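Quick note on my numbering: the sequence shown kicks off at 80 and runs consecutively.
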Amino acid sequence: MPELFRSAAGSLQEAGWTFEPPTSMENGVPSPLRAAPETVIRWASSFSLLSSSDETVWFLSRDDYSTGAEGAFAWNECELLSIQAATTDDEAVAVSRFWRRHAPILLSVRNGYEYLAVRDDGAVVHGSEPEFEEAVVVFSHFEDLLRYTTARPARRDQVVDSLLFGAADVTDPTPGD
Numbered sequence: 080m081p082e083l084f085r086s087a088a089g090s091l092q093e094a095g096w097t098f099e100p101p102t103s104m105e106n107g108v109p110s111p112l113r114a115a116p117e118t119v120i121r122w123a124s125s126f127s128l129l130s131s132s133d134e135t136v137w138f139l140s141r142d143d144y145s146t147g148a149e150g151a152f153a154w155n156e157c158e159l160l161s162i163q164a165a166t167t168d169d170e171a172v173a174v175s176r177f178w179r180r181h182a183p184i185l186l187s188v189r190n191g192y193e194y195l196a197v198r199d200d201g202a203v204v205h206g207s208e209p210e211f212e213e214a215v216v217v218f219s220h221f222e223d224l225l226r227y228t229t230a231r232p233a234r235r236d237q238v239v240d241s242l243l244f245g246a247a248d249v250t251d252p253t254p255g256d
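Okay, structure coming up:
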């Protein structure tokens, strides 16, 4: 799996992303990652920074999940925004229930708030504001996201292409229209 991590990170770097190697992992797995699949934990541990050149999209590193992590956005920013927007106790409970089953792995502020998360069954989902919990499966397995990132097939998944490779217009217009 480390080769797949290197390949995916390398493809992102070729696309202009910033990569910084991991920091020390002596403190153990941060509590928000403990329920995540082992592959996700190892991925998040394989870098300390992995962000787009404009710094509007970034994968969460192991350090980002630490309670004392500094930064403009918390690892669970989407959950916090949804709880804040909940108007009833039932809505707040539904938000918490959703996020117990989903571990955010990527955040974006490029075109509003968006995220990729790994669901407890291993599927990768995409969600965006204003209804973060109306997520759509984009890959059946986390490893498929990494393979896709490495292969960079031409416009197969417009949402992921937009997030990772900066395809600004996800409607894919025909030239000359």
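The beta-carbon is built from N, C-alpha and C at its ideal position, and this holds for glycine as well. These numbers were taken from a predicted model, which means no experiment stands behind them.
In this structure, L186 places its C-beta atom within 7 Å of the C-beta atom of F152. With a cutoff of 7 Å on beta-carbon distance, C157 and F221 are scored as not near each other. The way I'd put it, the stretch 178 to 197 doesn't touch the stretch 84 to 102; fewer than three beta-carbon pairs between them come closer than 8 Å. Taking 8 Å as the upper bound for CB-CB distance, V217 and V238 are in contact here, some 6 Å apart. When secondary structure is reduced to three states using DSSP, G206 falls in the strand class.
Fully contained in the stretch 81 to 150 are the following alpha helix (DSSP H) runs of length 4 or more, in chain order: 81 to 93 and 117 to 123. Inclusion of A114 and F244 in the CB contact set at 7 Å is not warranted, their separation being larger than that value. Inter-residue distance for E213 and V172 is about 15 Å (C-alpha atoms, whole angstroms). Sequence-distant Cβ neighbours of W96 in its own chain, meaning closer than 7 Å and more than five residues away, are L129, S130, S131 and S132. With fewer than 16 other Cβ atoms inside 10 Å of its own Cβ, V215 counts as exposed.
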